[in-house]
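Residue numbers for the first sequence follow the numbering used here, beginning at 114 and rising by one. Ideal placement from N, C-alpha and C gives every residue a C-beta, glycine not left out.
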Amino acid sequence: MILPRDFYTREDVVGIARELLGKKLCTTIGGETAYALISETEAYEGVTDKASHAYGGRRTARTEIMYRQGGTAYVYLCYGIHSLFNIVTNQSGIPHAVLIRGIIPEDNNLALEKRSGMQISEKAGTGPGNVSRLLRIHYRHTGLDLCIPEYQREDGDVIWLEDAGIVIPDKDIIVTTRVGIDYAGEDALLPYRFIWKRR
DNA sequence: CGAATGATATACT
DNA sequence: GTATATCATTCGA
Numbered sequence: 114m115i116l117p118r119d120f121y122t123r124e125d126v127v128g129i130a131r132e133l134l135g136k137k138l139c140t141t142i143g144g145e146t147a148y149a150l151i152s153e154t155e156a157y158e159g160v161t162d163k164a165s166h167a168y169g170g171r172r173t174a175r176t177e178i179m180y181r182q183g184g185t186a187y188v189y190l191c192y193g194i195h196s197l198f199n200i201v202t203n204q205s206g207i208p209h210a211v212l213i214r215g216i217i218p219e220d221n222n223l224a225l226e227k228r229s230g231m232q233i234s235e236k237a238g239t240g241p242g243n244v245s246r247l248l249r250i251h252y253r254h255t256g257l258d259l260c261i262p263e264y265q266r267e268d269g270d271v272i273w274l275e276d277a278g279i280v281i282p283d284k285d286i287i288v289t290t291r292v293g294i295d296y297a298g299e300d301a302l303l304p305y306r307f308i309w310k311r312r
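Structure follows, in structure tokens:
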């Protein structure tokens, strides 16, 4: 039930961001496995998107990851404190990505939630910084391949996504503008943010 | 509301 | 090589 490569390599980042809602995000970090359902995403449309790190085709040591093929993890540090987890999409050479902004922890993961120092509540997975904190994702995990959930690193850490078989009707999804990107000018107005509104 | 916080990009010497 | 402005944020008043 692991999401196949061709789920990520399609051209429509915004569509992928929409479909990512309700999928299961799993990590095994430091020998401990955690997972949660994705409840909020944002699409970043690479070269044509001022909010993207790769706007205008910029290539640096950090953004190089975004030019890889879809299904690659792009994790980077923001505001000196938070690791933000993104999923690279499209073919290699096209720097599209989807930012995971929110997750819903499942009941059998409450222990892990507790261990990561979070309050146990529905809101525990809200906010991109908290997503990484809950699942113990660190910016050193950038570049991991999400389609090959086998050991790719010496420390044995892995990240992958599974299809949980959840279908979310359009009426349960809120589409809105992205946040925290005022500097992106008119691109800040694009409806690239998807929120799974639970009951 | 405002401070904390550090890697990164960019512009210098 | 070093300096400094910047940031896809969070938490606690």
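For the 7 Å CB-CB criterion, residue 154 and residue 147 do not form a contact.
Just measuring C-alpha positions, the residue of 142, 121, 150 sitting nearest residue 135 is 150. When the Cα atoms are used, residue 204 and residue 272 turn out to be separated by approximately 20 Å. With fewer than 16 other CB atoms across the displayed protein chains lying within 10 angstroms of its CB, residue 173 is exposed.
The bridge partners DSSP lists for residue 146 are 141.
Counting C-beta pairs closer than 8 Å gives fewer than three between the stretch 282 to 289 and the stretch 170 to 184, which falls short of the contact rule. By alpha-carbon distance to residue 309, the top candidate from 214, 275, 303, 269 is 214. Its Cα nearest to that of residue 187, the residue 255 stands out among 123, 255, 249, 166.
In this structure residue 202 is buried. Its beta-carbon is surrounded by 16 or more other beta-carbon atoms within 10 angstroms. Counting along the chain, the unbroken beta strand (DSSP E) around residue 274 starts and ends at 271 to 275.
Residue 257 and residue 274 do not touch by the CB rule: their CB atoms are close to 12 Å apart, not below 8 Å. The bridge partners DSSP lists for residue 178 come to none.
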